[in-house]
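Working notes, structure below.
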Amino acid sequence: MTKGKDYYKVLGVGKNASKEEIKAAYKRLAKQHHPDLNKSPDAAEKFKEINEAAAVLGDEQKRAQYDQYGASGEQFQGFSGFDFSDFMSNTNDFGFDFDSIFENFFGGGMRSRRRQRGSDLRYDLEIELEDAAFGAAKVINIPRLEVCDKCRGTGAENASDITVCPECNGKGVSTRTQRTPFGLFSTTSTCRKCRGEGKYIKSECHNCEGRGAVKKTRRIEIKIPAGANDGTNLRIQGEGEAGDKGTASGDLYIVIHVRQHKIFERHEDNIYVKVPVDFATAALGGSIEVPTLNGKANLKIPAGTQSNTVFRMKGLGIPDLHSRHAGDQNVDIYISVPEKLTKKQKKLLEEFKKESGKKGFLDGIF
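What follows is the structure, encoded as structure tokens:
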């Protein structure tokens, strides 16, 4: 190939192009100039030039050398010995596999199926406000894939049943080469016999039928931290589904939902409650018993307390999930008017009314 070429111009990308941008440019141009699709006289030469540019810019080390010395520099050895036929691979549509070619540009290695870790699972858990305030332990049942106890995830009936795949010799891929008018074309694809594993199981485990995992329902204890709020996420590592043979399990994510309380309302770490106070206690003062998340407590009511007066009970709210500093309980007072009065109560209230004077609300205005 001719020295001194600008590989970036060949692919139509900038010098700061990412690998994905280079790959996209290569695929687009290769389809445009492949000799099977483009019948112009210079298509084959142009196609070779595109492959050469992609082979250099697609490899970090070669690209760094090229950026420093250029293609004509003596120090640049990134593309010597390039064989056009090595990177010609077939697909159903065009007679070649661009992804396979580009993977070769990144190091020439063959690709095998990558085993996947297990899937993550989500569980929505409803709890009471008291559980959120003080923490709690909950037991849940999770249906999931677990590693097979019989084969321990290998998928084989016995350890001796696992052998090197005879089809691909353990490489995970199979390569087929054929001669064409343009040179030797190679097809690289995942081995059908071992599905890219490189290993072949002669006799599959009868318990999991070779999958290495079975469906089970697992009882798991969940510890709810004090201060949990609606929407709090808890991650339990390794309690998701089992992964492909021998790979790590996924994680379990618990999403907390706090049920609405009968008497308390929560605003961040503070709680609010409405409590009735009889007229006499509100007027004369005294002490009342109020509910809290942790039982009952006494609240002092000063004389002359009006409806909608809010008293703060410090530290009786919900602890912060991170700092452990507890919020407050706010008690909203309203005056409770009795629906029925005894004769004595009526007489006393009438005397109180006379003692208070006859002026009404409007007398002070008009």
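Residues in the sequence shown are numbered from 12 upward in steps of one, following the working numbering.
By construction, the Cβ of each residue, glycine as well, lies at the ideal position given by its N, Cα and C atoms.
Everything numeric in this text was worked out from a predicted model, so none of it was measured.
query = Can you give the Cα-Cα distance for Asp17 and Thr198, rounded to whole angstroms?
reply = Counted from its first residue, the sequence shown places residue 17 at position 6. Counted from its first residue, the sequence shown places residue 198 at position 187. Rounded to whole angstroms, the separation of the alpha carbons of Thr198 and Asp17 is 30 Å.
Closest Cα partner of Tyr283 within the set Val150, Glu250 and Lys325 = Here the question's residue 283 lines up with position 272 in the sequence shown. The residue with the shortest Cα to Cα distance from Tyr283 is Lys325.
task = Within the same chain, show all residues whose beta-carbon is closer than 6 Å to that of Ala239, passing over the 5 residues directly before and after it, in chain order.
result = Residue 239 sits at position 228 when you count from the first residue of the sequence shown. The beta carbon of Ala239 sits closer than 6 Å to the beta carbons of Ala143 and Ile267 from its chain, once the five residues preceding and following it are set aside; these are given in chain order.
key: Status (buried if at least 16 other CB within 10 Å, exposed otherwise) for Ser111   = By 1-based counting over the sequence shown, the position of residue 111 is 100. Residue placement at Ser111 is poorly supported in this model, since its pLDDT is 49, which falls under 50; the coordinates still yield a value, given next. By the 10 Å Cβ count, Ser111 comes out buried.
message = Does Leu360 pass the burial test, meaning 16 or more other C-beta atoms within 10 Å, or should it be called exposed?
response = Position 349 of the sequence shown holds residue 360. Its Cβ having fewer than 16 others within 10 Å, Leu360 is exposed.
query = Quick check: the stretch 217-227 against the stretch 312-320, are there 3 or more CB pairs under 8 Å?
reply = Segments in contact, no.
message = To the nearest angstrom, how far is the alpha carbon of Leu40 from that of Lys204?
response = Indexing the sequence shown from 1 puts residue 40 at position 29. Indexing the sequence shown from 1 puts residue 204 at position 193. Rounded to whole angstroms, the gap between the alpha carbons of Leu40 and Lys204 is 34 Å.
key: beta strand (DSSP E) segment containing Phe322, residue limits   = In the sequence shown, residue 322 corresponds to position 311, counting from 1. DSSP places Phe322 in the uninterrupted beta strand (DSSP E) bounded by Val321 to Met324.
key: For Gln356, the first and last residue of its enclosing alpha helix (DSSP H)   = As a working note, residue 356 is residue 345 in the sequence shown. Here the alpha helix (DSSP H) through Gln356 covers Lys354 to Ser367.
key: Own chain, CB closer than 6 Å to Asp262, minus 5 neighbours either side, in chain order   = Position 251 of the sequence shown, counted from the start, is the residue given in the question as residue 262. Take Asp262, set aside five residues on each side of it, and the residues of its chain with a beta-carbon closer than 6 Å to its own are Asp131, Arg246, Gln248 and Gly251, in chain order.
message = Could you check whether the stretch 206-215 touches the stretch 176-186, counting it as contact only if at least three pairs of C-beta atoms, one from each stretch, sit closer than 8 Å?
response = With the cut-off at 8 Å, the stretch 206-215 and the stretch 176-186 touch.
ask   = In terms of residue numbering, what span does the alpha helix (DSSP H) encompassing Val269 cover?
value = Within the sequence shown, the letter at position 258 stands for residue 269. Per DSSP, Val269 lies in no alpha helix (DSSP H) segment; the continuous beta strand (DSSP E) that holds it begins and ends at Leu263 to Val269.
query = Over what stretch of residues does the alpha helix (DSSP H) that includes Val21 continue unbroken?
reply = Numbered from 1 along the sequence shown, position 10 holds the residue referred to as residue 21. Looking at the DSSP string, the run of the alpha helix (DSSP H) that includes Val21 is Tyr18 to Leu22.
message = Suppose the cutoff is 8 Å on Cβ atoms and the five residues either side in sequence are ignored; what does the same chain contact list for Asn27 look like?
response = As a working note, residue 27 is residue 16 in the sequence shown. Around Asn27: no qualifying Cβ.
ask   = Where Gly25 and Ile61 are concerned, what is the direct C-alpha to C-alpha distance, given to the nearest angstrom?
value = Start at 1 with the first residue of the sequence shown, and residue 25 comes out as number 14. Start at 1 with the first residue of the sequence shown, and residue 61 comes out as number 50. Going by the C-alpha atoms only, they are around 15 Å apart.
query = In terms of alpha-carbon separation, which member of Tyr345, Pro236, Asn341 and His278 lies closest to Val288?
reply = Translated into positions along the sequence shown, residue 288 becomes position 277. With distances taken between Cα atoms, Val288 lies closest to Tyr345.
ask   = Can you round the beta-carbon distance between Arg128 and Ala259 to whole angstroms, since I take them to be within the 8 Å contact cut?
value = Here residue 128 is taken as the residue at index 117 of the sequence shown, counted from 1. Here residue 259 is taken as the residue at index 248 of the sequence shown, counted from 1. With 8 Å as the limit, Arg128 and Ala259 qualify as a contact, their Cβ atoms being about 5 Å apart.
request  = Flag this pair as yes or no: are the beta carbons of Ile274 and Thr292 separated by less than 8 Å?
outcome  = Locating residue 274 in the sequence shown gives position 263, counting from the first residue. Locating residue 292 in the sequence shown gives position 281, counting from the first residue. Result no, Cβ atoms of Ile274 and Thr292 do not sit closer than 8 Å.
message = Quick check on the DSSP output: what are the complete alpha helix (DSSP H) runs of length 4 or more inside the stretch 137-225, in order along the chain?
response = Counting whole runs of 4 or more residues, the stretch 137-225 contains the alpha helix (DSSP H) stretches 140-145.
inquiry  = Give me, in chain order, the residues of the same chain whose beta-carbon lies closer than 6 Å to that of Lys161; leave out the 5 immediate sequence neighbours on both sides.
reply    = Sequence index remark: in the sequence shown, residue 161 carries index 150 (1-based). Excluding residues within five positions, the ones whose Cβ falls inside 6 Å are Cys216 and Asn218.
task = Would you tell me roughly how many angstroms separate the C-alpha atoms of Ala66 and Ile151, rounded to the nearest one?
result = Within the sequence shown, numbered from 1, the residue matching residue 66 stands at position 55. Within the sequence shown, numbered from 1, the residue matching residue 151 stands at position 140. Cα to Cα, Ala66 sits roughly 54 Å from Ile151.
inquiry  = Check for me: the alpha helix (DSSP H) holding Val67 runs from which residue to which?
reply    = Here the question's residue 67 lines up with position 56 in the sequence shown. Under the DSSP assignment, Val67 falls in the alpha helix (DSSP H) whose first and last residues are Ala54 to Leu68.
message = Just verifying my parser: in three-state terms, what is the DSSP assignment at Glu71?
response = Counting from 1 along the sequence shown, the entry for residue 71 is found at position 60. It is helical.
query = Leaving out five residues before and five after Glu139 in sequence, what residues of the same chain have Cβ atoms less than 7 Å from its Cβ?
reply = Locating residue 139 in the sequence shown gives position 128, where the first residue counts as 1. Contacts found: Arg270.
Rounded distance between the beta-carbons of Thr174 and Tyr211, thought under 8 Å = Counting from 1 along the sequence shown, the entry for residue 211 is found at position 200. Counting from 1 along the sequence shown, the entry for residue 174 is found at position 163. Rounded, the Cβ-Cβ distance is 5 Å, consistent with contact.
task = Can you tell me which of the three DSSP states His272 falls into?
result = Locating residue 272 in the sequence shown gives position 261, where the first residue counts as 1. In the three-state scheme derived from DSSP, where H, G and I count as helix and E and B as strand, His272 is classed as coil.
inquiry  = Quick check on this structure: which residue in Ile233, Cys179 and Ala167 has the alpha carbon closest to the alpha carbon of Glu137?
reply    = If you number the sequence shown from 1, residue 137 lands on position 126. Closest in alpha carbon position to Glu137, among Ile233, Cys179 and Ala167, is Ile233.
inquiry  = Please identify the residue among Lys213, Ile153, Gly296 and Thr165 whose C-alpha is closest to the C-alpha of Arg230.
reply    = Here residue 230 is taken as the residue at index 219 of the sequence shown, counted from 1. The shortest CA-to-CA distance from Arg230 to any of Lys213, Ile153, Gly296 and Thr165 is the one to Ile153.
message = Between which residues of its own chain and Asn244 is the CB-CB distance below 8 Å, once the five residues before and five after are set aside?
response = Reading the sequence shown from its first residue, position 233 is the one you call residue 244. Closer than 8 Å at the Cβ level, and outside the excluded window around Asn244, lie Tyr264, Ile265, Val266 and Ile267.
key: Reference Leu304, options Ala337, Ser298 and Gly315, closest by Cα   = Reading the sequence shown from its first residue, position 293 is the one you call residue 304. Comparing C-alpha distances from Leu304 to each of Ala337, Ser298 and Gly315 shows the shortest one belongs to Ala337.
ask   = Can you name, in chain order, every residue of its own chain whose Cβ lies under 7 Å from the Cβ of Glu141, other than the five neighbours on each side?
value = On the sequence shown, residue 141 is found 130 positions in, with the first residue counted as 1. Around Glu141: Leu304.
inquiry  = If I measure Cβ to Cβ from Cys159 and keep anything under 7 Å in the same chain, skipping five residues before and after, which residues do I get?
reply    = As a working mapping, residue 159 is identified with position 148 in the sequence shown. Excluding sequence neighbours, Cys159 sits near Cys216, Asn218, Cys219, Gly223, Ala224 and Val225.
request  = Would you give the residue range spanned by the beta strand (DSSP E) that Arg246 belongs to?
outcome  = Numbered from 1 along the sequence shown, position 235 holds the residue referred to as residue 246. DSSP places Arg246 in the uninterrupted beta strand (DSSP E) bounded by Asn244 to Ile247.
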